[in-house]
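Chains G and Z supply the protein sequences, listed in that same order. Residue numbering for the first sequence follows the working numbering, starting at 636 and increasing by one per position. Residue numbering for the second sequence follows the working numbering, starting at 17 and increasing by one per position. Encoded as structure tokens, the structure appears first; notes follow it.
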Amino acid sequence: MMKLKLEVRGYDSTIISYLSPVLAGLLTILCGSILFYALGKSPTQTLYTFFILPISDLYGVTELFVKAAPIILCATGLTICYRANIWNIGAEGQLLMGGLIGSWVALNLLEVEGSWVLPVVIIAGMLGGTAWAAIPALLRTRFHTNEILTTIMLNYISLNILLFAVHGPLKDPGGYNFPESALFSSSETMPVLVEGTRLHFGVLLAVLAVAITWVLLSKTFIGFQIQVLGKDARSAHFAGFKESKLIWIALLFSGATSGLAGVSEVTGPIGQLIPTISPGYGYAAIIVAFLGRLHPVGIFFAGLLMALLYLGGEMVQIELGLPLAMTGLFQGMLLLFLLACDVLIRYRIVLDRTKPQETIATTNLNPASGE
Amino acid sequence: MMDMDLIANILFATIRTGTPLLLVALGELVCEKSGILNLGQEGMMLMGAVVGFIAAFHSESLIVGFAIAILAGVIMSLLFGFIVIQLNANQVATGLALTIFGTGLSGFVGLNYVGESLKGLSEMPIPLLSDIPYLGVIFFSHDPLVYLSIFMTVAIYYFFRKTRAGLIVKAVGESPEASQAIGLPVYKIRYLAVMFGGGMAGLAGAYLSLVYTPLWADNMTAGRGWIALALVVFASWQVERAVVGAYLFGFMSIMHLILQGFDVSISANILATLPYVVTILVLVFLSKNQARIKLFAPVSLGKPFHRTN
């Protein structure tokens, strides 16, 4: 019987690494279509409603960018971390902290007028996210504590702190006891760029973050050091790069961009602090970082695609009554397919020409009988 | 002077709360012993919880619910296993993907069951033993799954200490290359270990949705899968320490209920962060001693291995 097997290429295929996200996307759409069909919906109509209808007019396109901004912001920070082989899963928590601290400052400046107020709020949010990311950085560099678990735990902690704040100290006194803060003043909210849409200044900040990330990675010595550290920690060590310094930089950068994502949301489309400022943007950003091949330009487009998954999920719910949970399902499928397709970067599929008998002979060695 | 009955009740609740953590941690421990790091525990638990609940809801049989939940966990783990064992993908990224996928899929599958409830598994006090003052309440008045988790602990301890199969799993985890060289089917052993982990995670999920709080809610595992991963590190891959750790974390999880009982005026949300804070503190405390972790962790843990022949 002929069997397929994997054979090491001996090099990493660049073409496959770009094709893999496309293939993963197609496989996700294929599985999605089967699912739609199983749910009794026409696959073509559903796919149209999911992927085309949300962006069929100008408002839809601007909404796509509004949705993509926080995801892209988080993904830029994660990209720097993953390039350095630092498994930061904490973008969600850093985003929430950015939103929380930004809101806290905004609520204290409610009565203050002036063009400096918004920048102060934004910087406060970024500092909030940065401070939150400093915790895993400190623990990793000082105590060698695994950052995967600390960042995950910090996500849960920050969500609870946010809930505490909106139910307690930051709750709107005149808000009929709803867990929401007061609305921010007009000088504390992001200016809208296109009249009649929600396209706000924060989207430009996201584009700026992509540019900065690109410069940092490709044009600076720090970026070079980060890439070396990620590829081969021993080489980085022998080259005299300071690992702990790079860990600090990567995590703080991620904290700043994720914090910015959070504060852009509360001062942008939301306009106040609420318990649900993020429908898992920080987790979606992990998928975006991988889908975008850990490259700033790549994550920009991957971020738009991820935003489309959110908009499409809402659209099929409104138009066809399909559950909103579809978005999460598509996200998970996309990442799983991507990782499976990525195997072709390093391996090629070949027909296994070894005769079955030989295989048995080599795998069923009995220690007693010898070779 | 604190009420003895109260203490007994707190310890009873501690064991009950620690049980799902223990179940997942045991599964992950076996999986990690074979060299595979599966960060998808949370996703597999959620799938176990939702599918188990649905199965029990329709069949009106808890046994069916648990069986289907285990099956769901195993299927999820096979998906993970195929990608990391067969396709040799990055285990950390794939595990994360499994959690994201499981979270999404469970939300999707369980949509029409949010708000439904059923009669959960009731306690099964052990005759005579449960009549012992205090100790009877703490140890012998639990539901059957608590006893099962203890049994599994002993069984896995015995498996690794006394059986040839246990030795083989450890060998594969220490060096898949050497194991392959002496003719061990590395892939097959790792698949089995991953599947065992999946089954345990599925069962632990069903413990939450069929015993602990007999209902389904989105994300109801609330990070327990991740805490269990920390627990395995805490236990330094030793079965007997996993039990202690699970109950310690169980105690931390019910701390807010205890403190509320004492009229401590701290916000419930702040108290709810306790298990997560404790997890971080414990990890920091343990990781200060890197030599110890290096000594106990399976050498090939998380590293890709490509079968050649």
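Glycine is no exception: its CB is placed at the ideal position from the N, C-alpha and C atoms.
Check                                                                                                                 : Outcome
9 Å Cβ cutoff met for Ile142/Z and Ser122/Z                                                                           : no
First and last residue of the uninterrupted alpha helix (DSSP H) at Tyr694/G                                          : Leu693 to Arg718
Within-9 Å CB hit, Ile286/Z to chain G                                                                                : yes
Unbroken alpha helix (DSSP H) run spanning Ile796/G, endpoints                                                        : Glu782 to His802
Val747/G (DSSP reduced to helix, strand or coil)                                                                      : coil
Residues bridged to Tyr982/G (per DSSP)                                                                               : Val643/G
Contacts of Gly906/G in chain Z (Cβ-Cβ under 7 Å)                                                                     : The premise fails here: Gly906/G is roughly 23 Å from chain Z at the closest Cβ pair, so nothing lies under 7 Å.
Cβ neighbour criterion (16 or more within 10 Å) applied to His322/Z                                                   : exposed
Simplified DSSP assignment, three categories, for Trp242/Z                                                            : helix
With 16 other Cβ atoms within 10 Å as the buried cut-off, status of Glu727/G                                          : buried
Neighbour-count burial assignment, Asn781/G, 16 or more Cβ in a 10 Å radius                                           : buried
Rounded separation between Val845/G and Ile243/Z - CA only                                                            : 34 Å
Rounded distance between the beta-carbons of Gly938/G and Ile706/G, thought under 8 Å                                 : 5 Å
Secondary structure of Met17/Z, DSSP reduced to three states                                                          : The predicted model places Met17/Z with a pLDDT of 47, which falls under 50 and marks its position as unreliable; any figure quoted below should be read in that light. Correct three-state label for Met17/Z: coil.
Endpoints, alpha helix (DSSP H) assigned at Trp232/Z                                                                  : Segment: none, Trp232/Z is in no alpha helix (DSSP H) and carries neither H nor E.
Minimum Cβ-Cβ distance from Phe265/Z to chain G less than 9 Å                                                         : no
9 Å Cβ cutoff, Ala975/G in contact with chain Z                                                                       : yes
Whether Ile84/Z touches Gly97/Z by CB criterion (9 Å)                                                                 : no
Nonlocal neighbours in the same chain, by C-beta distance under 6 Å from Phe685/G, ignoring five residues either side : Gly947 and Val951
Unbroken stretches of the beta strand (DSSP E), 3 residues or longer, contained in the segment 242-324 of chain Z     : none
Run of the alpha helix (DSSP H) containing Thr115/Z, from where it starts to where it stops                           : Gln107 to Val125
The segment 21-31 of chain Z in contact with the segment 200-216 of chain Z per 3-pair CB rule at 8 Å                 : no
Proximity winner among Leu839/G, Ile757/G, Ala800/G and Ala891/G, relative to Ser816/G (alpha-carbon distances)       : Ala800/G
Beta-carbon gap between Ser668/G and Thr681/G smaller than 9 Å                                                        : yes
CB contact check: Ala105/Z to chain G, cutoff 9 Å                                                                     : yes
For His835/G, three-class secondary structure by DSSP                                                                 : strand
Within chain G, the residues that Ile142/Z reaches when beta carbons sit closer than 8 Å                              : By Cβ distance, chain G contributes nothing, its closest Cβ being about 36 Å from Ile142/Z, past 8 Å.
Span separating the alpha-carbon of Ala741/G from that of Phe873/G                                                    : 47 Å
Buried versus exposed call for Glu642/G [16 or more other C-beta atoms within 10 Å across all chains shown]           : exposed
Per DSSP, the bridge partner or partners of Ser133/Z                                                                  : Leu231/Z
Where Pro192/Z falls, given that 16 or more other Cβ within 10 Å makes a residue buried                               : buried
Beta-carbon proximity of Gly56/Z to Met216/Z, cut-off 9 Å                                                             : no
Residues that Lys638/G bridges to, as DSSP identifies them                                                            : Asp987/G
Three or more C-beta pairs below 8 Å linking the segment 652-660 of chain G and the segment 964-981 of chain G        : yes
Within-9 Å CB hit, Val978/G to chain B                                                                                : In summary, chain B is missing from the structure at hand, where the protein chains are G and Z.
Which residues DSSP lists as bridging Val827/G, in chain order                                                        : His835/G
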